[in-house]
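The sequence shown begins at 30 in our numbering and counts up one residue at a time. What follows is a set of notes on a single structure, which appears directly below.
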Amino acid sequence: MKNITRVIFAVALMIFSISATAQLNKAYFYYQGQKLISQNKFTEAIGYLNTLIDVDSTIAEGWFLRGVAKYYLNDMQGSIRDFSKSISKNQLFTQAYHYRAIVENRLKNYNSALKDLEFALELRPEDQEILFTRGGTYIETSQYSKAIQDYNRVIRYAPNNTESWINRGLARLFSNDTTGAINDLSQAIKLNPFYSESYARRSRVYLDKKEFEMALSDMNQAIYLDSTSTMNYFLRGLIKNAMKSYKGALEDFDKVISIDPSNSLSLYNRALLKSQTGALNSALDDYDRLVKLNPKNVLVFYNRASVNFELGKFNDAINDYTSAITLFPDFANAYINRSVAKSRIGNLKEAEQDYRTATEKIQKYKATSQEAYLAMADTSKKFNSLLSFDTDFSEGFSKINLKNDISLPTGFLPFFKLQLVDEKSKSSFNDYKKPFIEVLNGLTSNGYHFTFTQSNNQNDPTTGIAHCIDTTKSPENIKHFYKALQYSSMNKYNQAVREYQNALKNDPNNLIIALNLAVEQIEMVKFINQFENEVGTISFKMGNLANAQKEKSISANNSYNESISNLKTLETNLPGLAIIPYNIGNTYLLTDELSSAIDEYNKAIIIEPRFSEAWFNRGLVKLIKGEKQNGCLDISKAGELGLNQAYSIIQRFCK
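So, in structure tokens, the structure goes:
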């Protein structure tokens with residue numbers, strides 16, 4: 030960050046040299062952007078820099094700073110685009126070439142990175158930071174001798190640069206010069222014996238060499254120097270685990286959680302490790318904490334129920350299975366296990382009823398998707414695998430992220446439909462007016478209104494409608510419409526569809542009700558795969574998502590195709606409503622027709638250019654199709670439009 034601050038102050042005078050007519054305005058937005066970047070408020074900074082660029086798009090520094098903000102949001106494609114714009118405005122902007130090279134390096138576009146670095150070094154031949162970056166790029170491209178030469182130059186200019194000794198040590202390590210690597214890392218420690226990173230890096234070299242005692246000694250020192258680093262405690266836990274010191278490993282995981290009590294992934298991993306080593310009561314305590322942190326995660330309740338069952342706490346197990354069923358009403362496996370738990374306490378009548386319910390749901394799952402049923406039957410195995418998968422840090426420090434939650438959202442944004450939301454909720458469609466919507470909003474009070482929004486954004490209609498609408502005085506079509514919203518919010522899709530159909534019978538020409546009905550029918554078919562989607566991030570990371578999608582059942586595809594036909598009819602009658610092609614695109618995703626999905630998102634974006642969700646989903650489709658650059662640019666655009674979750678996707682898939 031200090032390097033960025035230096036650049037910011039260096040270019041400040043350039044801003045003030047611009048024409049006096051708008052000088053104050055430009056300076057204000059520039060310094061607001063600079064201030065927010067220095068405060069790590071990168072998303073807010075982008076808003077101010079957008080305004081600066083809108084005022085005068087010729088200011089190279091405006092593009093540059095926005096590129097910096099995007100860089101720190103891990104929006105690599107957006108960052109490189111802005112740095113390129115900056116260079117197009119000022120072809121001698123050394124820092125822009127340097128930072129674009131850094132981004133290209135992270136994108137693994139090494140030839141482009143080296144080209145930018147060569148040009149930057151022509152402008153500033155002895156710049157240590159540029160040489161440092163080029164050395165890192167040479168390491169990435171396995172040109173270790175060249176990397177060593179660059180770090181030799183940096184060390185000659187700045188012999189006390191600890192990071193250069195560390196990186197040269199890594200270059201020597203990759204050149205199979207283990208002795209040289211240890212010597213350089215040792216020199217880094219000698220230069221600054223209070224820099225924990227040097228010990229941590231050398232510890233990692235020893236760990237790779239399976240010299241566990243030396244690795245442990247260095248990591249102990251790293252932790253002594255920086256007792257707040259959760260990363261180092263976690264790594265030491267791995268070292269102790271490799272040494273079969275399981276108690277010690279648990280102690281280090283305990284420390285991670287003591288520093289970051291809300292670290293759900295660490296808590297969950299610890300709960301698994303405890304349950305696997307027989308510490309069931311202690312594991313139960315961790316699951317209790319996880320329930321508070323993740324009260325809507327069905328699998329936390331499901332796994333806690335299993336621990337309660339093993340402890341003989343059958344009533345508690347029953348309660349947990351009930352919670353899981355409440356969150357996921359079609360969770361057949363939870364019904365089966367609750368049936369067993371009820372039989373253990375002698376409640377044979379209810380046990381038999383649960384078993385019958387489970388059997389019915391299993392038959393429904395088998396009829397619709399054999400894969401969905403098998404995935405549910407194998408729940409515990411899949412979820413337990415998170416421990417070994419997410420703690421495999423063999424690729425180094427950069428791969429460690431202790432901030433991951435149990436639920437790692439990587440999927441597409443959901444369907445849009447008309448829903449009751451808080452008036453403060455933002456939507457691109459708040460200004461969309463139709464008589465039916467105006468009638469609904471005319472009956473609504475207490476801070477609520479109806480608008481088109483994501484299907485998972487709805488406020489709780491069971492409380493919202495009760496407090497802001499007197500349904501007893503509403504027309505029949507609206508009464509049924511309200512009931513449909515209530516059932517939908519409780520995942521009771523059959524009842525919701527029935528109420529939408531009743532509403533449509535009372536108002537057969539109401540296109541908005543027909544739109545909600547079409548979406549509800551799609552979600553009803555899709556819902557049977559909801560359990561699989563709960564752990565879908567594992568398949569996505571392991572590269573199995575495409576295979577899973579190809580195994581959709583024929584019956585489900587037929588239902589989706591019928592819904593697409595219905596939506597296209599609505600699209601003809603409501604040509605200016607962007608959510609319809611968006612919803613069609615989402616449905617094409619369910620049938621694996623990715624090109625058709627892109628076509629529909631294109632239509633949605635043409636109708637509503639600020640439809641961030643359409644940009645986001647189109648970007649994900651392009652990523653899946655292997656169009657990484659274009660996909661990341663779309664997701665970057667979604668981030669620019671205020672969709673914050675875009676940056677979590679960019680961080681995972683656009684580096």
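Each residue gets a CB set at the ideal place from its N, CA and C atoms; glycine is no exception.
Pairing lysine 378 with isoleucine 347 gives a Cβ-Cβ distance that is not under 8 Å. Just so you know, the alpha carbons of isoleucine 252 and proline 222 end up roughly 13 Å apart. Counted as a single uninterrupted DSSP element, the beta strand (DSSP E) harbouring leucine 447 occupies residues 445 to 451. Per DSSP, the unbroken alpha helix (DSSP H) holding threonine 80 starts and ends at 71 to 84. Annotated three-state conformation of glutamine 120 is coil, per DSSP. Scanning Arg639, Gly655, Tyr100 and Glu600 for the CA closest to the CA of glutamate 629 turns up Glu600. Listed in chain order, the non-local C-beta contacts of serine 641 below 7 Å within the same chain comprise Ala667, Leu670, Gly671 and Leu672, local neighbours out to five positions each way being set aside. The segment 602 to 646 contains no complete beta strand (DSSP E) run of 3 or more residues. Of the candidates Leu78, Pro443 and Ser113, the residue whose Cα lies closest to the Cα of alanine 98 is Leu78. Here the C-alpha atom of asparagine 539 lies approximately 43 Å from the C-alpha atom of cysteine 683.
Taking a contact as a CB-CB distance under 8 Å, the pair isoleucine 268 and leucine 245 counts as one, their CB atoms being some 5 Å apart. One alpha carbon belongs to aspartate 145, the other to asparagine 138, and they sit about 11 Å apart. Threonine 166: member of the alpha helix (DSSP H) spanning 157 to 169, first to last residue.
When DSSP states are grouped into helix, strand and coil, tyrosine 477 belongs to the strand group. With a contact defined as Cβ atoms closer than 8 Å, glutamine 483 and proline 443 qualify at about 5 Å. Only residues of its own chain outside the window of five on either side were considered, and among them Gly660, Asp663 and Ile664 have a CB closer than 6 Å to the CB of glycine 648, listed in chain order. By the 16-neighbour rule on beta-carbons within 10 angstroms, lysine 239 is exposed. Taken in chain order, the segment 315 to 401 contains no complete beta strand (DSSP E) segment of 3 residues or longer.
With respect to alanine 633, alanine 626 sits apart: the two C-beta atoms are not nearer than 8 Å.
Its chain contains Gln157 and Ser193 as the residues whose beta carbon lies nearer than 8 Å to that of alanine 187, once the 5 sequence neighbours on both sides are disregarded; these appear in chain order. In the structure shown, the three-state DSSP call for threonine 87 is coil.
Short of 7 Å from the beta carbon of threonine 80, and not among the five residues preceding or following it, lie these beta carbons of its own chain, in chain order: Phe58.
For serine 503, no alpha helix (DSSP H) encloses it, and the DSSP letter there is neither H nor E. DSSP places leucine 442 outside any alpha helix (DSSP H), giving it a letter other than H or E.
Between the alpha carbons of glycine 62 and glutamate 73 lies a gap of roughly 8 Å. In the DSSP assignment, the residues bridged to glutamine 483 are Phe445. Between arginine 231 and asparagine 270, the alpha-carbon positions lie close to 18 Å from each other.
For phenylalanine 203, the closest alpha carbon among the candidates Tyr228, Gln172 and Gln216 is that of Gln172. The residue among Ile541, Asp536, Val548 and Ser503 with its C-alpha nearest the C-alpha of asparagine 523 is Val548. Non-local C-beta neighbours of phenylalanine 465 in its own chain, meaning closer than 7 Å and more than five positions away in sequence, comprise Asn539 and Ile541, ordered along the chain. Shown here, tyrosine 100 sits in a helix according to DSSP, grouped into three states. Cβ neighbours of aspartate 345 within its own chain (closer than 6 Å, five residues either side excluded): Asn337. In the DSSP annotation of this structure, the continuous segment of the alpha helix (DSSP H) that includes cysteine 661 starts and ends at 657 to 669. Closest option to leucine 150, judged by alpha-carbon separation, among Arg367, Asp179, Ala312 and Tyr384: Asp179. Here lysine 303 is buried. Its C-beta has 16 or more other C-beta atoms within 10 Å. For the 8 Å CB-CB criterion, serine 227 and isoleucine 218 form a contact.
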